[in-house]
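*Asks:* Here it is, the structure in full.
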Amino acid sequence: MKYEVDERGYYGNFGGAYIPEMLYPNVEELRMQYLEIIREPVFQKEFTDLLRNYVGRPTSLYHAARLSEKYKAKIYLKREDLCHTGAHKINNTIGQILLARRLGKQKIIAETGAGQHGVATATVCALMGMECVVYMGKLDMERQRPNVERMRILGAQVVPALSGNMTLKDATNEAMRHWINHPADTHYIIGSVVGPHPYPHMVTLFQSVISEEIRKQLVSEIGQPNPDYVVACVGGGSNAAGAFYHYLDEEHVALIGVEAAGKGVDSGESAATTALGKPGVLHGSKTLLMQTHDGQVIEPYSISAGLDYPGIGPLHAHLFDTGRVQFVNATDDEAMHAGIELARTEGIIPAIESAHAIAALSKLELTEEDVVVINLSGRGDKDLETYIRWGKY
Amino acid sequence: MKNRITDLLSNARKPVLSVFYTAGFPGLEDTESIAVALEEAGADMIEIGIPFSDPVADGPTIQASNKQALDNGMTVVLLLKQVAAIRKKIELPIILMGYLNPVMQYGFEKFFQDAARAGVDGLILPDLPLDEFEQYRGLTDSLNLGVSFLISPTTSEERIKKIDSLSTGFIYAVSASSTTGAKGEFTDEQLTYFKRLKSYKLKNPFLIGFGISNYTTYAQACAYGAGVIVGSSFIQQLSKSDDRDADIRTFVNALTNP
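Residue numbers (our numbering), protein chains in the order written: chain A, 1 to 393; chain B, 394 to 651.
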């Protein structure tokens with residue numbers, strides 16, 4: 001595959017494993033074993049069974065008739081919002097916890113922003129009877145209180161990250177510090193396609209079930225596996241990586257990544273990494289990063305806590321660099337309006353992350369023959385508070 | 394060509410004390426006066442930290458000093474100016490230690506050249522991968538810059554030997570699988586690890602860092618390594634000091650004497 005990770009862990013100029021020596025043995029253990037374990041038939045069977053019977057896969061590919069009529073194209077929604085726990089995040093946590101068990105680890109740590117990955121991790125830890133610690137920025141804990149309590153109900157310990165701006169980036173720092181201090185018995189379940197190699201590749205593989213299913217489902221819908229467009233929002237980029245993966249080499253399928261512009265790309269309050277970032281190193285990989293001239297990481301902003309990250313996964317940095325994926329962005333307001341629009345036309349309240357993908361529809365030049373698949377990565381239940389505060393409905 | 398680190402370690406008759414502190418902390422212009430006070434107090438080497446917004450290998454003390462230094466306005470450009478001024482005042486070896494991204498943005502080659510020109514003797518870049526460094530090895534050698542890599546208790550023997558072959562000056566032996574921070578004393582497990590390191594008879598001497606905070610840990614580490622690196626407990630001292638020069642003398646004295 002043309003866009004696959006190379007044996008050194010790079011996607012073109014991006015990726016690698018930029019980690020202090022204290023993390024090296026853990027990351028190396030994972031690197032040496034992840035492919036072999038994932039390819040074992042026993043692992044595959046267990047993974048597939050859980051995805052089907054526990055997560056509820058395959059998720060449907062739904063023809064959104066009224067939305068299609070409005071945008072004059074054939075629009076399909078890949079319903080990751082119907083996954084158990086409410087988002088695609090659980091595809092990855094199921095895969096990683098099975099892997100962790102195979103590696104003989106007893107404890108799990110994770111970082112979370114909006115809380116979706118934290119909930120998905122707490123869920124699989126409860127399922128497997130493993131101890132779970134989730135780091136979450138103190139500010140995010142206040143913004144996403146219901147998810148904090150969901151994690152606690154599931155038996156996880158939620159630890160506030162008190163450094164920096166107390167959001168996702170800081171929670172990730174704290175989780176890495178925890179892993180440095182507990183290298184032997186603990187596996188770190190990273191929630192996105194970020195971090196040192198092999199994480200970006202491993203998370204992409206676990207999420208690639210999304211595009212695997214889309215291809216099969218499109219055959220029965222339109223008689224062939226390829227749409228004209230696949231659209232997905234990008235924070236770190238895990239749902240986009242999953243939705244794009246099996247289309248990367250199908251160069252005539254246009255892939256659209258939608259970043260959060262926050263209050264506007266040039267407002268100083270944005271998370272549009274491809275528009276604002278330069279190559280840099282954060283959380284173990286070289287990627288596009290929002291940073292000052294002096295190499296200090298800039299705090300991102302988005303109304304959506306799940307897109308509020310200063311970088312993107314190295315795969316996406318490479319896809320941006322090569323032009324394989326076209327990146328657009330949507331502001332807070334555009335995303336919120338798109339969320340309400342989906343609620344009113346299709347009866348689906350999307351997560352605000354996913355609403356950014358819906359908002360891209362008005363930015364594409366579509367024709368009536370175009371088949372568009374939008375990855376609806378999560379449901380909006382967790383965001384009711386934000387919808388209510390925004391108020392324009 | 395002479396390198397102050399190599400000179401110090403090959404001629405040392407007693408254990409070497411290397412002291413780490415964050416550039417631009419507590420005040421933006423304190424970098425120089427702290428270096429001068431450390432030389433007067435009897436430290437053997439200084440390690441100046443380049444502050445970074447996301448110091449993942451550091452515990453709360455050094456994290457807080459990084460944040461304060463950045464809030465004060467510290468930058469790599471300013472640090473190199475400060476180091477050039479420090480070099481005129483002290484003879485101790487000067488090491489710069491920092492996370493990769495600020496160095497990458499400055500430009501690796503330019504950074505190595507400008508650091509050498511400012512009078513820096515060595516570098517520690519904990520998240521610089523070994524294979525990435527190999528391309529710069531010729532340049533750092535030609536600039537007479539030492540580069541030290543970290544090892545931890547979980548680093549394999551084979552990898553320790555590779556790190557030894559790529560390091561010049563010394564190896565930074567991290568005492569425990571942990572982030573930086575002061576601790577009371579070393580466990581038997583840690584002492585066994587120090588002993589194991591000593592038995593490898595590496596080309597480079599090793600200095601032990603992380604968890605050195607008092608005479609007990611200093612003496613335990615010096616029984617095996619060529620000396621120690623102390624950071625967090627020194628920064629704690631700086632944070633609460635009213636009479637800095639006197640407190641730095643007291644700190645060095647208390648650490649190295651029973």
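Glycine included, C-beta positions come from ideal geometry on N, C-alpha and C.
Only a predicted model underlies this, so the values are computations on that prediction, with no experimental measurement involved.
For the beta strand (DSSP E) holding B/Gln-528, just list the boundary residues, first then last.
*Replies:* One-based indexing of the second sequence puts residue 528 of chain B at position 135. Unbroken run through B/Gln-528: none, as it is neither H nor E.
*Asks:* Relative to the C-alpha of A/Asn-173, which residue among B/Ile-443, B/Val-449 and B/Ala-405 is closest?
*Replies:* Along the first sequence, read from residue 1 onward, the residue named residue 173 of chain A stands at position 173. Considering only alpha carbons, the answer is B/Val-449.
*Asks:* How should A/Arg-400 be labelled, buried or exposed, when 16 other C-beta atoms within 10 angstroms of its C-beta is the threshold for buried?
*Replies:* Residue 400 of chain A falls outside the range modelled here, since chain A spans only 1 to 393, and no answer is possible.
*Asks:* Within 10 angstroms of the Cβ of A/Pro-41, are there 16 or more other Cβ atoms? Answer buried if so, exposed if not.
*Replies:* The sequence position of residue 41 of chain A within the first sequence is 41, counting from 1. Answer is exposed; the Cβ neighbour count stays below 16.
*Asks:* Rounded C-beta distance between A/Val-372 and A/Tyr-245? I'm assuming under 8 angstroms.
*Replies:* Translated into positions along the first sequence, residue 372 of chain A becomes position 372. Translated into positions along the first sequence, residue 245 of chain A becomes position 245. Going by Cβ atoms, the distance from A/Val-372 to A/Tyr-245 rounds to 18 angstroms, so no, they are not a contact pair.
*Asks:* Less than 7 angstroms between C-beta atoms, sequence neighbours within five positions excluded: which residues of the same chain meet that for B/Pro-419?
*Replies:* As a working note, residue 419 of chain B is residue 26 in the second sequence. Counting only Cβ-Cβ distances below 7 angstroms, and skipping sequence neighbours, we find Gln-461, Leu-631 and Ser-632.
*Asks:* For the beta strand (DSSP E) containing A/Pro-279, name the first residue and the last one.
*Replies:* The sequence position of residue 279 of chain A within the first sequence is 279, counting from 1. Unbroken beta strand (DSSP E) run through A/Pro-279: 278-282.
*Asks:* Could one say the Cβ of A/Asp-294 lies closer than 8 angstroms to chain B's Cβ atoms, at least one of them?
*Replies:* Here residue 294 of chain A refers to the residue found at position 294 when the first sequence is read from its first residue. A/Asp-294 counts as touching chain B.
*Asks:* Report, in whole angstroms, the separation of the C-beta atoms of A/Lys-105 and A/Asp-170, which I expect to be a contact under 8 angstroms.
*Replies:* As a working note, residue 105 of chain A is residue 105 in the first sequence. As a working note, residue 170 of chain A is residue 170 in the first sequence. With 8 angstroms as the limit, A/Lys-105 and A/Asp-170 do not qualify as a contact, their Cβ atoms being about 24 angstroms apart.
*Asks:* Regarding A/Ser-377 and the ligand MG, is the C-beta to nearest heavy atom distance less than 7 angstroms?
*Replies:* Only the bare structure without any ligand can be found here, which leaves the ligand MG out of the picture.
*Asks:* CB A/Glu-269 to CB A/Tyr-301, shorter than 8 angstroms?
*Replies:* As a working mapping, residue 269 of chain A is identified with position 269 in the first sequence. As a working mapping, residue 301 of chain A is identified with position 301 in the first sequence. Yes, the pair counts as a contact, with Cβ atoms nearer than the cut-off.
*Asks:* So, with DSSP's three-state summary, where would you put B/Phe-454?
*Replies:* Here the question's residue 454 of chain B lines up with position 61 in the second sequence. As written in the sequence, residue 454 of chain B is Thr, which differs from the Phe given in the question. Note: B/Thr-454 maps to helix in three-state DSSP.
*Asks:* Does the region 349-359 of chain A come into contact with the region 47-56 of chain A, if we say contact requires no fewer than three beta-carbon pairs (one atom in each stretch) closer than 8 angstroms?
*Replies:* These segments do not touch.
*Asks:* Name the DSSP beta bridge partners of A/Met-136, please?
*Replies:* In the first sequence, residue 136 of chain A corresponds to position 136, counting from 1. According to DSSP, which records beta bridges pairwise, A/Met-136 is partnered with A/Thr-112 and A/Pro-160.
*Asks:* Quick check: is the beta carbon of A/Arg-177 nearer than 8 angstroms to any beta carbon in chain B?
*Replies:* Counting from 1 along the first sequence, the entry for residue 177 of chain A is found at position 177. So yes, A/Arg-177 belongs to the interface.
*Asks:* Using a Cβ cut-off of 9 angstroms, which residues of the region 4-22 of chain A contact any Cβ in chain B, in chain order?
*Replies:* From the region 4-22 of chain A, only Arg-8, Gly-16, Ala-17, Tyr-18, Ile-19, Pro-20, Glu-21 and Met-22 have a Cβ closer than 9 angstroms to chain B.
*Asks:* Answer yes if the region 65-82 of chain A comes into contact with the region 19-36 of chain A, meaning at least three C-beta pairs across the two stretches below 8 angstroms, and no otherwise.
*Replies:* Too few Cβ pairs lie closer than 8 angstroms, so no.
*Asks:* Quick check for students: name the residue ranges of the alpha helix (DSSP H) that lie wholly in the region 193-279 of chain A, counting only runs of 4 or more.
*Replies:* Whole alpha helix (DSSP H) segments, 4+ residues: 199-207, 209-222, 238-244 and 273-276.
*Asks:* Is any beta-carbon of chain B found at less than 8 angstroms from that of A/Tyr-199?
*Replies:* On the first sequence, residue 199 of chain A is found 199 positions in, with the first residue counted as 1. Chain B contact via Cβ: absent.
*Asks:* What residues are listed by DSSP as bridge partners for A/Leu-376?
*Replies:* Reading the first sequence from its first residue, position 376 is the one you call residue 376 of chain A. Answer is A/Arg-79.
*Asks:* If I measure Cβ to Cβ from B/Lys-594 and keep anything under 8 angstroms in the same chain, skipping five residues before and after, which residues do I get?
*Replies:* The sequence position of residue 594 of chain B within the second sequence is 201, counting from 1. Closer than 8 angstroms at the Cβ level, and outside the excluded window around B/Lys-594, lies no residue.
*Asks:* For B/Pro-522, return the contacting residues in chain A, with the cut-off set at a CB-CB distance below 7 angstroms.
*Replies:* Counted from its first residue, the second sequence places residue 522 of chain B at position 129. Chain A residues near B/Pro-522: Gly-16, Ala-17 and Tyr-18.
*Asks:* For the beta strand (DSSP E) that contains B/Val-623, what are its first and last residues?
*Replies:* As a working note, residue 623 of chain B is residue 230 in the second sequence. Element bounds for B/Val-623: 620-623.
*Asks:* Give the DSSP-derived three-state secondary structure of B/Lys-482 in the structure shown.
*Replies:* Locating residue 482 of chain B in the second sequence gives position 89, where the first residue counts as 1. Three-state DSSP puts B/Lys-482 in a helix.
*Asks:* Would you tell me roughly how many angstroms separate the C-alpha atoms of A/Pro-146 and B/Leu-401, rounded to the nearest one?
*Replies:* As a working mapping, residue 146 of chain A is identified with position 146 in the first sequence. As a working mapping, residue 401 of chain B is identified with position 8 in the second sequence. When rounded, the distance between both Cα atoms is 58 angstroms.
*Asks:* Taking beta-carbon pairs under 9 angstroms, can you tell me which members of the region 274-306 of chain A lie near chain B?
*Replies:* Residues passing the 9 angstroms Cβ filter: Lys-278, Pro-279, Gly-280, Val-281, Leu-282, His-283, Gly-284, Lys-286, Leu-289, Gln-291, Thr-292, His-293, Asp-294, Gly-295, Gln-296, Val-297, Ile-298 and Glu-299.
*Asks:* Taking all protein chains shown into account, do 16 or more other C-beta atoms lie within 10 angstroms of the C-beta of A/Val-219, making it buried, or fewer, making it exposed?
*Replies:* In the first sequence, counting from the first residue as 1, residue 219 of chain A sits at position 219. A/Val-219 should be labelled exposed.
*Asks:* First and last residue of the beta strand (DSSP E) that includes A/Asn-329?
*Replies:* As a working mapping, residue 329 of chain A is identified with position 329 in the first sequence. A/Asn-329 -> beta strand (DSSP E) spans 325-331.
*Asks:* Could you check whether the Cβ of B/Ser-558 sits closer than 8 angstroms to any Cβ belonging to chain A?
*Replies:* Residue 558 of chain B sits at position 165 when you count from the first residue of the second sequence. Answer no: the Cβ-Cβ gap between B/Ser-558 and chain A never drops below 8 angstroms.
*Asks:* Using a beta-carbon distance below 8 angstroms, is A/Ser-163 in contact with chain B?
*Replies:* For the purposes of this step, residue 163 of chain A is taken as residue 163 along the first sequence, with counting starting at 1. It does: the Cβ of A/Ser-163 has a partner Cβ on chain B nearer than 8 angstroms.
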